[in-house]
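In UniProt numbering, the protein residues as written are 1 to 248.
In this text, a Cβ means the ideal position worked out from N, Cα and C, and glycines have one as well.
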(Lines of atoms letter the chains of each structure in order from A and count residues from 1; the text may use other names and numbers.)
(Lines give C-alpha, C1' and ligand atoms only; values in the text may rest on other atoms or scores of the structure.)
Protein backbone atom coordinates (compact mmCIF):
# COMPACT_ATOMS: atom_id res chain seq x y z
CA UNK A 1 0.00 0.00 0.00
CA UNK A 2 1.35 3.34 -1.02
CA UNK A 3 1.11 5.71 1.91
CA UNK A 4 3.08 8.78 2.75
CA UNK A 5 5.00 8.61 6.03
CA UNK A 6 4.66 12.36 6.48
CA UNK A 7 0.87 12.55 6.07
CA UNK A 8 -1.38 10.70 8.48
CA UNK A 9 -4.65 9.15 7.40
CA UNK A 10 -7.38 11.71 8.21
CA UNK A 11 -9.28 10.59 11.31
CA UNK A 12 -12.99 10.10 10.77
CA UNK A 13 -15.16 12.92 12.12
CA UNK A 14 -18.90 12.31 11.89
CA UNK A 15 -19.75 15.82 13.09
CA UNK A 16 -17.70 17.25 10.23
CA UNK A 17 -18.32 14.48 7.73
CA UNK A 18 -18.08 16.63 4.59
CA UNK A 19 -14.68 17.98 5.64
CA UNK A 20 -13.43 14.46 6.44
CA UNK A 21 -14.80 13.19 3.12
CA UNK A 22 -12.87 15.83 1.19
CA UNK A 23 -9.66 15.12 3.12
CA UNK A 24 -9.86 11.33 2.80
CA UNK A 25 -10.55 11.58 -0.95
CA UNK A 26 -7.46 13.73 -1.39
CA UNK A 27 -5.45 11.30 0.73
CA UNK A 28 -6.42 8.17 -1.21
CA UNK A 29 -5.85 9.93 -4.54
CA UNK A 30 -2.36 10.90 -3.43
CA UNK A 31 -1.72 7.39 -2.07
CA UNK A 32 -2.60 5.73 -5.38
CA UNK A 33 -4.24 7.29 -8.47
CA UNK A 34 -6.17 4.04 -9.01
CA UNK A 35 -7.95 4.24 -5.63
CA UNK A 36 -10.69 6.74 -6.62
CA UNK A 37 -11.78 4.48 -9.48
CA UNK A 38 -11.93 1.47 -7.16
CA UNK A 39 -13.94 3.47 -4.64
CA UNK A 40 -16.43 4.39 -7.37
CA UNK A 41 -16.59 1.17 -9.41
CA UNK A 42 -15.64 -1.54 -6.95
CA UNK A 43 -12.71 -3.99 -6.84
CA UNK A 44 -10.91 -5.03 -10.00
CA UNK A 45 -12.13 -8.42 -11.25
CA UNK A 46 -10.06 -10.11 -14.00
CA UNK A 47 -12.35 -11.25 -16.80
CA UNK A 48 -12.11 -13.21 -20.01
CA UNK A 49 -14.28 -13.13 -23.11
CA UNK A 50 -16.37 -16.15 -24.05
CA UNK A 51 -16.93 -16.27 -27.78
CA UNK A 52 -20.40 -16.51 -29.27
CA UNK A 53 -21.69 -20.05 -29.53
CA UNK A 54 -24.82 -22.08 -30.20
CA UNK A 55 -26.47 -24.25 -27.57
CA UNK A 56 -29.49 -26.42 -28.39
CA UNK A 57 -30.15 -24.31 -31.45
CA UNK A 58 -30.03 -21.04 -29.51
CA UNK A 59 -27.33 -18.47 -30.26
CA UNK A 60 -25.52 -17.26 -27.16
CA UNK A 61 -23.74 -13.95 -27.84
CA UNK A 62 -20.16 -13.27 -26.80
CA UNK A 63 -19.88 -12.18 -23.19
CA UNK A 64 -17.36 -11.65 -20.39
CA UNK A 65 -17.00 -13.83 -17.30
CA UNK A 66 -14.61 -13.75 -14.31
CA UNK A 67 -11.39 -15.68 -14.86
CA UNK A 68 -10.63 -18.86 -12.97
CA UNK A 69 -7.94 -18.32 -10.27
CA UNK A 70 -5.44 -20.32 -12.34
CA UNK A 71 -5.90 -17.93 -15.28
CA UNK A 72 -5.21 -14.72 -13.38
CA UNK A 73 -1.94 -13.01 -14.35
CA UNK A 74 0.45 -11.40 -11.86
CA UNK A 75 -0.33 -7.80 -12.96
CA UNK A 76 -4.01 -8.59 -12.45
CA UNK A 77 -3.33 -9.98 -8.98
CA UNK A 78 -1.61 -6.72 -8.06
CA UNK A 79 -4.70 -4.77 -9.11
CA UNK A 80 -6.98 -7.12 -7.19
CA UNK A 81 -5.32 -6.41 -3.83
CA UNK A 82 -5.71 -2.64 -4.24
CA UNK A 83 -9.24 -2.90 -2.87
CA UNK A 84 -7.88 -4.56 0.28
CA UNK A 85 -5.40 -1.71 0.70
CA UNK A 86 -8.20 0.83 0.30
CA UNK A 87 -10.35 -0.96 2.88
CA UNK A 88 -7.45 -0.76 5.34
CA UNK A 89 -7.15 2.99 4.80
CA UNK A 90 -10.85 3.49 5.53
CA UNK A 91 -10.75 1.24 8.60
CA UNK A 92 -7.63 3.01 9.89
CA UNK A 93 -9.47 6.30 9.53
CA UNK A 94 -12.38 4.91 11.59
CA UNK A 95 -10.18 3.55 14.39
CA UNK A 96 -11.30 6.12 16.97
CA UNK A 97 -15.00 5.71 16.16
CA UNK A 98 -15.76 2.15 17.25
CA UNK A 99 -19.48 2.43 16.50
CA UNK A 100 -18.92 3.54 12.92
CA UNK A 101 -16.13 1.02 12.46
CA UNK A 102 -18.49 -1.72 13.62
CA UNK A 103 -21.06 -0.56 11.08
CA UNK A 104 -18.76 -1.13 8.10
CA UNK A 105 -16.52 -3.98 9.29
CA UNK A 106 -18.75 -6.56 7.58
CA UNK A 107 -18.46 -4.85 4.18
CA UNK A 108 -16.60 -6.86 1.55
CA UNK A 109 -15.26 -3.98 -0.54
CA UNK A 110 -14.11 -0.40 -0.12
CA UNK A 111 -16.98 0.74 -2.32
CA UNK A 112 -19.52 -0.90 -0.02
CA UNK A 113 -17.85 0.74 3.00
CA UNK A 114 -17.96 4.13 1.29
CA UNK A 115 -21.63 3.79 0.40
CA UNK A 116 -22.57 2.71 3.92
CA UNK A 117 -20.66 5.61 5.47
CA UNK A 118 -22.51 8.02 3.18
CA UNK A 119 -25.85 6.50 4.17
CA UNK A 120 -25.08 6.73 7.87
CA UNK A 121 -23.62 10.25 7.78
CA UNK A 122 -25.21 12.07 4.86
CA UNK A 123 -28.45 10.16 4.80
CA UNK A 124 -30.42 9.06 1.79
CA UNK A 125 -32.05 11.34 -0.74
CA UNK A 126 -35.10 11.09 1.51
CA UNK A 127 -33.11 12.47 4.42
CA UNK A 128 -31.78 15.31 2.29
CA UNK A 129 -35.28 15.93 0.99
CA UNK A 130 -36.55 15.96 4.55
CA UNK A 131 -33.94 18.57 5.46
CA UNK A 132 -35.09 20.74 2.55
CA UNK A 133 -38.69 20.12 3.57
CA UNK A 134 -37.99 21.10 7.18
CA UNK A 135 -36.14 24.23 6.06
CA UNK A 136 -39.08 25.21 3.85
CA UNK A 137 -41.56 25.01 6.71
CA UNK A 138 -39.20 26.89 9.00
CA UNK A 139 -39.16 29.72 6.47
CA UNK A 140 -42.96 29.61 6.27
CA UNK A 141 -43.19 29.88 10.05
CA UNK A 142 -40.93 32.92 9.97
CA UNK A 143 -43.40 34.47 7.53
CA UNK A 144 -46.29 33.74 9.90
CA UNK A 145 -47.62 30.48 8.42
CA UNK A 146 -47.83 27.74 11.05
CA UNK A 147 -48.55 24.02 10.78
CA UNK A 148 -49.02 21.56 13.62
CA UNK A 149 -46.58 18.65 13.86
CA UNK A 150 -49.04 16.03 12.59
CA UNK A 151 -49.86 18.09 9.51
CA UNK A 152 -46.16 18.56 8.75
CA UNK A 153 -45.46 14.84 9.18
CA UNK A 154 -48.35 13.83 6.92
CA UNK A 155 -47.25 16.30 4.23
CA UNK A 156 -43.72 14.93 4.38
CA UNK A 157 -44.85 11.28 4.15
CA UNK A 158 -46.98 12.14 1.12
CA UNK A 159 -43.89 13.33 -0.77
CA UNK A 160 -42.19 9.92 -0.59
CA UNK A 161 -41.90 7.67 -3.69
CA UNK A 162 -44.65 5.18 -4.51
CA UNK A 163 -42.47 2.16 -3.72
CA UNK A 164 -42.35 3.30 -0.07
CA UNK A 165 -46.13 3.31 0.22
CA UNK A 166 -46.23 0.24 2.49
CA UNK A 167 -43.65 1.76 4.85
CA UNK A 168 -45.33 5.16 5.00
CA UNK A 169 -48.72 3.54 5.58
CA UNK A 170 -47.27 1.54 8.47
CA UNK A 171 -45.78 4.71 9.97
CA UNK A 172 -49.05 6.62 9.64
CA UNK A 173 -51.02 3.79 11.26
CA UNK A 174 -48.52 2.81 13.93
CA UNK A 175 -46.98 6.12 15.01
CA UNK A 176 -48.43 9.07 16.87
CA UNK A 177 -47.80 11.74 14.26
CA UNK A 178 -48.63 14.44 16.80
CA UNK A 179 -45.53 13.59 18.83
CA UNK A 180 -43.03 12.06 16.39
CA UNK A 181 -40.30 14.42 15.14
CA UNK A 182 -38.79 14.87 11.68
CA UNK A 183 -35.53 13.43 13.01
CA UNK A 184 -37.29 10.27 14.18
CA UNK A 185 -39.15 9.91 10.89
CA UNK A 186 -36.12 10.12 8.65
CA UNK A 187 -34.11 8.01 11.10
CA UNK A 188 -36.67 5.24 10.59
CA UNK A 189 -36.50 5.71 6.83
CA UNK A 190 -32.70 5.76 6.82
CA UNK A 191 -32.53 2.45 8.70
CA UNK A 192 -35.13 0.97 6.38
CA UNK A 193 -33.15 2.13 3.35
CA UNK A 194 -29.99 0.45 4.60
CA UNK A 195 -31.88 -2.82 5.12
CA UNK A 196 -33.32 -2.57 1.61
CA UNK A 197 -29.88 -2.00 0.12
CA UNK A 198 -28.37 -4.93 1.99
CA UNK A 199 -31.21 -7.23 0.95
CA UNK A 200 -30.99 -6.23 -2.70
CA UNK A 201 -27.20 -6.53 -2.72
CA UNK A 202 -27.45 -10.06 -1.29
CA UNK A 203 -30.13 -11.03 -3.82
CA UNK A 204 -28.11 -9.58 -6.70
CA UNK A 205 -25.00 -11.39 -5.51
CA UNK A 206 -26.91 -14.67 -5.40
CA UNK A 207 -28.18 -14.18 -8.93
CA UNK A 208 -24.65 -13.42 -10.14
CA UNK A 209 -23.34 -16.66 -8.63
CA UNK A 210 -26.13 -18.64 -10.30
CA UNK A 211 -25.41 -16.94 -13.61
CA UNK A 212 -21.74 -17.92 -13.48
CA UNK A 213 -22.63 -21.62 -13.09
CA UNK A 214 -23.42 -21.94 -16.79
CA UNK A 215 -22.10 -20.06 -19.79
CA UNK A 216 -25.63 -20.13 -21.15
CA UNK A 217 -26.81 -18.01 -18.28
CA UNK A 218 -24.17 -15.27 -18.18
CA UNK A 219 -25.09 -13.32 -21.26
CA UNK A 220 -26.65 -10.84 -18.89
CA UNK A 221 -25.61 -10.48 -15.26
CA UNK A 222 -27.69 -8.01 -13.23
CA UNK A 223 -25.66 -5.27 -11.64
CA UNK A 224 -25.82 -4.57 -7.92
CA UNK A 225 -28.31 -1.87 -7.09
CA UNK A 226 -26.83 1.26 -5.55
CA UNK A 227 -28.44 2.74 -2.49
CA UNK A 228 -29.07 5.95 -4.37
CA UNK A 229 -31.28 3.86 -6.70
CA UNK A 230 -33.10 2.16 -3.85
CA UNK A 231 -34.81 5.33 -2.67
CA UNK A 232 -35.08 8.84 -4.06
CA UNK A 233 -37.12 11.65 -2.59
CA UNK A 234 -38.82 13.82 -5.15
CA UNK A 235 -39.61 17.45 -4.85
CA UNK A 236 -43.07 17.08 -6.37
CA UNK A 237 -46.19 18.17 -4.57
CA UNK A 238 -48.24 15.52 -2.73
CA UNK A 239 -50.70 15.41 -5.61
CA UNK A 240 -48.03 14.48 -8.14
CA UNK A 241 -46.97 10.91 -8.87
CA UNK A 242 -43.49 10.09 -7.62
CA UNK A 243 -41.04 7.76 -9.32
CA UNK A 244 -37.74 6.35 -8.16
CA UNK A 245 -35.06 7.36 -10.66
CA UNK A 246 -31.34 6.52 -10.48
CA UNK A 247 -29.09 9.41 -9.45
CA UNK A 248 -26.33 9.99 -11.94
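- Sequence-distant Cβ neighbours of residue 148 in its own chain, meaning closer than 8 Å and more than five residues away, are 178.
- Secondary structure remark: continuous beta strand (DSSP E) runs of at least 3 residues inside the segment 49-76, in chain order: 53-55, 58-60, 63-66.
- Around the C-beta of residue 81, fewer than 16 other C-beta atoms lie within 10 Å, and the residue is accordingly described as exposed.
- With a 10 Å radius around the Cβ and a threshold of 16 neighbouring Cβ atoms, residue 64 comes out exposed.
- Ranked by how close their Cα comes to the Cα of residue 61, the residues 68, 67, 52 have 52 in first place.
- As a beta-bridge residue in DSSP terms, residue 47 pairs with 66.
- When Cβ pairs closer than 8 Å are counted between the two stretches, the segment 106-114 is seen to touch the segment 80-96, the count reaching three or more.
- Judged by pairs of C-beta atoms under 8 Å, the segment 69-76 touches the segment 40-47, as three or more such pairs exist.
- Contact annotation: residue 88 and residue 28 have beta-carbon atoms that are not nearer than 9 Å.
- 189 is the residue among 98, 189, 24, 42 whose C-alpha sits nearest the C-alpha of residue 119.
- Short of 8 Å from the beta carbon of residue 154, and not among the five residues preceding or following it, lie these beta carbons of its own chain, in chain order: 172, 177.
- Take residue 17, set aside five residues on each side of it, and the residues of its chain with a beta-carbon closer than 6 Å to its own are 121, in chain order.
- Looking at 180, 33, 151, 192, the one whose alpha-carbon comes closest to that of residue 166 is 192.
- In the three-state scheme derived from DSSP, where H, G and I count as helix and E and B as strand, residue 89 is classed as helix.
- Residue 159 and residue 26 have their C-alpha atoms spaced approximately 36 Å apart.
- Rounded to the nearest angstrom, the gap between the Cα atoms of residue 11 and residue 169 is 40 Å.
- With a cutoff of 9 Å on beta-carbon distance, residue 24 and residue 90 are scored as near each other.
- The three-state secondary structure of residue 27, taken from DSSP, is helix.
- It is roughly 11 Å from the alpha-carbon of residue 8 to the alpha-carbon of residue 31.
- The criterion of a C-beta distance shorter than 9 Å is not satisfied by residue 106 and residue 42.
- Residue 157 is not a Cβ neighbour of residue 194, given a cutoff of 9 Å.
- Nearest to residue 83 by C-alpha distance, out of 36, 175, 13, 50, is 36.
- Following the DSSP letters along the chain, one finds residue 7 in no alpha helix (DSSP H), marked with neither H nor E.
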